[in-house]
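I have placed the structure first, in the form of structure tokens, so that the comments after it can refer back to it.
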Amino acid sequence: MAERGGTECVDLSTKGVIVGEVAVRPGEVVLVGGGPGDPDLLTVGGLKALREADVVLYDHLAPVACLSETRPGATLIDVGKRPRGAQTAQHDIDAQLIRYAREGARVVRFKGGDPFVLGRGGEEWQACAAAGVPVRVIPGVSSAVAGPALAGIPLTHRGVTQSFTVVSGHVGPDHPGSTVDWDAVAALGGTVVVLMGLTNLAAICARLVRGGMPPETLAATVADAATDHMRIVRGTVETLPGAVSAAGLQSPAITVIGAVVGLELAGAGS
Ligand SMILES: C[S@@+](CC[C@H](N)C(=O)[O-])C[C@H]1O[C@@H](n2cnc3c(N)ncnc32)[C@H](O)[C@@H]1O
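Note that this note's numbering gives residue 107 to position 107 of the sequence shown, counting from 1, and the numbers run on in steps of one.
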């Protein structure tokens, strides 16, 4: 740590954040954000780490096509996280990361989007750190940003909105486990992006209207963004749940709510 101009200046390389050098060291775990699905949206650093790994534990929301870039003989372990599919328990994933690293392997945890955006990457980091295993992160392109962009919806737009808020819809608004302040979200006025919210979409939209969001607020759901079967359904916060259900959209999907949905950038999202 160094002092500069009276403020604390932290050397990020000592904090496990990769700046510049990417090599995965033996006995180390690197959490790699794979982006939303298109191999082209994996970062250069993420690809380098994947190519160096001895062991890769991967999710299905990651761009699995990139696994062909791993070294011959690398161990590839499917830990699930398929939408609606089989899951490996988080404690089991943590245990495998630690075990392979302790055996001296270069371990990559290959995840969808960004590891630290509703991705449990922080938990995996903490588990490794608690076990004394060195861990670093290579951030990824989050579906929260890429999904709307690929649908032609800018999250902010000069003269329209200057903010966006990302929330989890994993548990419904009236579920005791929900920690989202839905009244505050309804009142924000900027763009709202809901991840993991397809099952609870009707309840979320109704809750936002109950919290004061005008029912005519524009909204869109983007399913399978960054894949060749991406689908977009548009409506208002009042009509979207019915339209999404009628269209039969399935996870993974994100919902964008706000005036930016009306911008309809020419030629985008088609
Ligand atoms: C467990 S969260 C992981 C988010 C991930 N860490 C990220 O930054 O994108 C999974 C949710 O991300 C969203 N998601 C991930 N990939 C997506 C994609 N290709 N298209 C649409 N939504 C996606 C969906 O809302 C899905 O339910």
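For each residue, glycine too, the CB sits at the ideal point set by N, CA and C.
### Query
For the beta strand (DSSP E) that D78 lies in, which residues bound it at each end?
75 to 78
### Task
Would you tell me roughly how many angstroms separate the C-alpha atoms of G112 and D59, rounded to the nearest one?
7 Å
### Query
Under the criterion of a Cβ to heavy atom distance below 8 Å, does T227 qualify as lining ligand 1?
yes
### Message
Measuring only the C-alpha atoms, how far is A49 from V108?
### Response
7 Å
### Message
Taking 6 Å as the limit between beta carbons, can you name the residues of its chain near D224, skipping five residues before and five after?
### Response
M230
### Task
Using DSSP bridges, identify the partner residues of R109.
L31, L57
### Query
How many angstroms separate the CA atom of I153 from the CA atom of R51?
33 Å
### Message
So, with DSSP's three-state summary, where would you put R234?
### Response
strand
### Task
For S143, count neighbouring C-beta atoms within 10 Å of its own C-beta (all shown protein chains included) and say buried if the count is 16 or more, exposed if not.
buried
### Task
Report all residues from its chain with a CB closer than 6 Å to the CB of V32; omit the five preceding and five following residues, and keep chain order.
G46, A49, V108, F110, I138
### Task
Within 10 angstroms of the Cβ of D94, are there 16 or more other Cβ atoms? Answer buried if so, exposed if not.
buried
### Message
Short of 6 Å in beta carbon distance, which residues of its chain neighbour G37, apart from the five on each side in sequence? Order them along the chain.
### Response
P63, A226, T227
### Query
Out of curiosity, what's the CA-to-CA distance linking L12 and E238?
Caution is warranted here: a pLDDT of 49 is assigned to L12, below 50, making its placement in the model unreliable, and the coordinate value is therefore given only provisionally. Rounded to whole angstroms, L12 to E238 spans 45 Å at the Cα level.
### Task
Could you tell me which of V133, T179, S163 sits nearest to P26, measuring between CA atoms?
V133
### Query
So is R158 buried or exposed if we call it buried at 16+ other beta carbons inside 10 Å?
exposed
### Query
Taking the continuous beta strand (DSSP E) assigned at L195, which residues delimit it?
191 to 195
### Task
State the Cα-Cα distance for the pair T272 and R136, rounded to the nearest angstrom.
With the chain covering 1 to 270 only, the question about residue 272 has no answer from this structure.
### Query
When you compare each of G147, A53, L42, G235 to A23 by their alpha carbons, which one comes out closest?
A53
### Residue range of the unbroken alpha helix (DSSP H) whose run includes I204
201 to 210
### Query
Quick one: is the Cβ of K111 within less than 8 Å of any heavy atom of ligand 1?
yes
### Message
On the DSSP letters alone, give me the boundaries of the beta strand (DSSP E) that V137 sits inside.
### Response
135 to 138
### Task
Consider the C-beta atom of M213 and the heavy atoms of ligand 1; say whether any pair is separated by less than 8 Å.
no
#### Entry: Buried versus exposed, by CB contacts within 10 Å (16 or more), E28
buried
### Query
Any heavy atom of ligand 1 closer than 8 Å to the Cβ of S142?
yes
### Query
In three-state terms, what does DSSP make of C97?
Residue 97 is actually Leu in this sequence, not Cys. L97: helix per DSSP, three-state reduction.
### V260 (DSSP reduced to helix, strand or coil)
helix
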